[in-house]
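Heads up: the structure comes next, in structure tokens.
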Amino acid sequence: MTSENQEKRLKKEEVNKQTEMLGASESSHEEAQVDLSNKTLGEFRLIRRLGKGGMANVYLAEQTALNRHVAIKVMKNDLVSDATYLDRFKTEAMAAANLNHINIVQVYTIGEADGYNYIAQEYVQGVNLREFIAKNGPPELSVSLHLMKQIASALQKAGEVGIVHRDIKPENIMISRKGIVKIADFGLAQLTLSGERMNLTQEGVTMGTPLYMSPEQVKGNKVDHRSDIYSLGVTCYHMLAGRPPFRGQTAIAIAMKHVNSQPAPLSKRRPDLPVPVCDMIHKMMAKKVTDRYQDAGEILIDLRKISRSLQGDKDEVSLSAFDSNTGAQTSSRAIQPSPKMKPISWSRYLVFGILFLAAGGTLGWLSRPRLNTNPQLNAIERNSPREQFADAMLIGNSEDAWKYLRVKFPTSQERWRAEERLAIQYMNQGRLEEARRIFETFIEQASDDKFNLVPVGFAGRAVIAALEKNYQASDQILADNAQRLSQKLNGPMKPLVRETILQNEQHLENPRMTLSKMFPEETTEG
């Protein structure tokens, strides 16, 4: 099938889908008004609605017989009359029920009561990976490896019993408060049991999410577990780069890029990452299935090798990386956080009540306090700055661990890498003045910038200005420092600058700085 024919087929499917949606708008609207909170279905008392999906609404419920909380997926009534949707709904339960694994949401039972079809499954207190990234930015490498190993382990188990998830994406990857990953939503699964293939989608029909869809899915071809490996690669790319590899104006445009375009090298967006990590993720995303990892077990082997080379025998991550960054979530769909728990997102900046201080359009900070280089810190001393930095990465979001490099290895490059991560942590916590002080010390290194700190400092200025909703000042800083930022800015601040530019574009009529101007080599693929 030619690229042109593929695009025509996808356009036709999208038109048909939109037509169906318009035709069902009235019944869908009625369904949206129905809230089953406080209703009892069998032994399950629905407490409150947690989220809504394409096929079902999700409720927190109490299983009265066992006195425990569960998540109940109640199928939308306007779909029950459609045998195909009902089969998909039941197959989701069948597929997941055959998977007994710590990293897969456990399905308890499937039932019908008062005309409602439902699935009762494990309730996961946490957030999905998309929200985790939005709140924290790209996680530290140790945290990323910790998550990737669990996802790969779950896919290895699914592959062993012949199940293809078909919709691996950040929204379907739950993270508990203890850092345990749970893959949810096998509603698009293709089930193979006893050699019999139950394909609920006819050949030529595309299912999945365009941002993470494998080339063979886009083309409507037969898929196997290697399609999930491709989607995992795209998900990991998003997690580490702060954005998916492909973007476009329409779902069709994005889907076709998975078929025809190569993603920008991850090493370009994250030059601080070890080469084997970038190579592994690009191997997952190979266009040809034969060029990818052939099963998730191979991915696990490489992940363990990389972890050992970076961490030695210490294969653990501090729970602080997750405990303060996750809330109560359903195991299948995201719950909107309460006002008290609203996360800081780089795409939806919040007001922290800090006024922007500017005089004459400049950012001069008078009487700026110096960094405390003699704090009482709770950290273990290592033999070298490299070991100290690796230890801080393993711990995650420990303020003391990052500051320890300032005290023990003040002239090392690792000290400044730690300062950058500490500043990002402060911004994420709304401690903008403390973050600002760190970034200003970066700019002060202009006379002897052997560690390339000045671009990070100006990037920090721009991001903080946007966080304070002073988009004009943020845009001005970016424009004034465009050359040094586009040529020399690397590391974890780079994706934050990209999101800041997008934020500024949304609020300014004629911004001086756009993504195509700042990073022209990275915007050609979308």
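Position 179 of the sequence shown, counting from 1, maps to 181 under this note's numbering, and the rest follow consecutively. Positions of the beta carbon are idealized from the N, C-alpha and C atoms, including for glycine.
*Which residue comes first and which comes last in the beta strand (DSSP E) that contains Met176?*
175-178
_Rounded to whole angstroms, what is the Cα-Cα separation between Glu64 and Leu101?_
23 angstroms
*Within its chain, find whatever has a CB closer than 7 angstroms to the CB of Leu455; leave out the 5 residues flanking it on each side and keep chain order.*
Trp418, Phe444, Gln447
*Secondary structure at His240, three-state DSSP: helix, strand or coil?*
helix
*When burial is assigned at 16 or more other CB atoms within 10 Å of the CB, is Gln264 buried or exposed?*
exposed
_Classify Thr211: buried if its beta carbon has 16 or more other beta carbons within 10 angstroms, exposed otherwise._
buried
*Can you name, in chain order, every residue of its own chain whose Cβ lies under 6 angstroms from the Cβ of Asn483, other than the five neighbours on each side?*
Phe460
*Around the C-beta of Lys54, are 16 or more other C-beta atoms found within 10 angstroms, so that it is buried, or is it exposed?*
exposed
*Alpha-carbon spacing of Ala425 relative to Ala437, whole angstroms*: 4 angstroms
*Report the three-state DSSP secondary structure of Gln338 (helix, strand or coil).*
Any reading at Gln338 needs caution, since the residue's pLDDT is 33, under 50, leaving its predicted position unreliable; the model's value is listed next. Correct three-state label for Gln338: coil.
*Ile112 versus Ile121: straight-line alpha-carbon distance, rounded*: 4 angstroms
*Environment of Asp169 [buried if 16+ CB atoms lie within 10 Å]*: buried
*Specify the secondary structure class of Lys410 as computed by DSSP and reduced to three states.*
helix
*Which one or two residues does DSSP pair with Met150 in a beta bridge?*
In the DSSP output, where bridge partners are listed per residue, Met150 has none listed.
*Could you check how far apart the C-beta atoms of Ala73 and Glu124 are, in whole angstroms? I think they sit under 8 angstroms.*
7 angstroms
*Give every residue of the same chain whose Cβ lies closer than 6 angstroms to the Cβ of Ala99, excluding the five residues on either side of it in the sequence, and list them in chain order.*
Val109
_Let me check you understand the geometry: is the CB of Arg90 closer than 7 angstroms to at least one non-hydrogen atom of the ligand GTP?_
Inclusion of the ligand GTP in the displayed structure is not the case, the ligand content being empty and no account of it being possible.
*With 16 other CB atoms within 10 Å as the buried threshold, where does Leu434 fall?*
buried
*asked:* Between the alpha carbons of Ala392 and Ser311, how many angstroms are there, rounded?
replied: 11 angstroms
*Excluding the five sequence neighbours on either side, which residues of its own chain have a C-beta within less than 8 angstroms of the C-beta of Gly139, listed in chain order?*
Gly244, Trp348, Ile426, Asn430, Pro494, Pro497, Leu498
*Residue from Pro276, Gln489, Ala468 with nearest C-alpha to His509*: Ala468
_Assigned exposure category for Arg70 - 16 Cβ within 10 Å defines buried_ = exposed
*asked:* Assess contact between the stretch 400-411 and the stretch 377-386, defined as three or more Cβ pairs (one per stretch) separated by less than 8 angstroms. Is contact present?
replied: yes
*asked:* Helix, strand or coil for Leu234? Go by DSSP, reduced to three states.
replied: helix
*Grouping DSSP H, G and I as helix and E and B as strand, with all else coil, what is His509?*
helix
*Provide the residue span of the alpha helix (DSSP H) that contains Lys2, from first to last.*
The chain is shown from 3 up to 528; residue 2 falls before or after that span and cannot be answered.
*Hey, would you say Arg294 sits closer than 8 angstroms to Lys307, going by beta carbons?*
no
_Based on DSSP bridge pairs, tell me the residues matched to Lys184._
Met176
*Rounded straight-line distance, which links the Cα of Val183 to that of His167*: 15 angstroms
*On the three-state DSSP scale, how would you describe Gln127?*
coil
*Report yes if the C-beta distance between Lys171 and Leu143 is below 8 angstroms; otherwise report no.*
no
*Do Asp297 and Gln158 come within 8 angstroms of each other at the CB atom, strictly closer than that value?*
yes
*Local Cβ density within 10 Å of Glu114, reported as buried at 16 or more and exposed below that*: exposed
*DSSP bridge partner residues for Ala67 (one or two, in chain order)*: For Ala67, which the question treats as bridged, DSSP gives no partner whatsoever.
*Would you tell me roughly how many angstroms separate the C-alpha atoms of Arg514 and Asn506, rounded to the nearest one?*
10 angstroms
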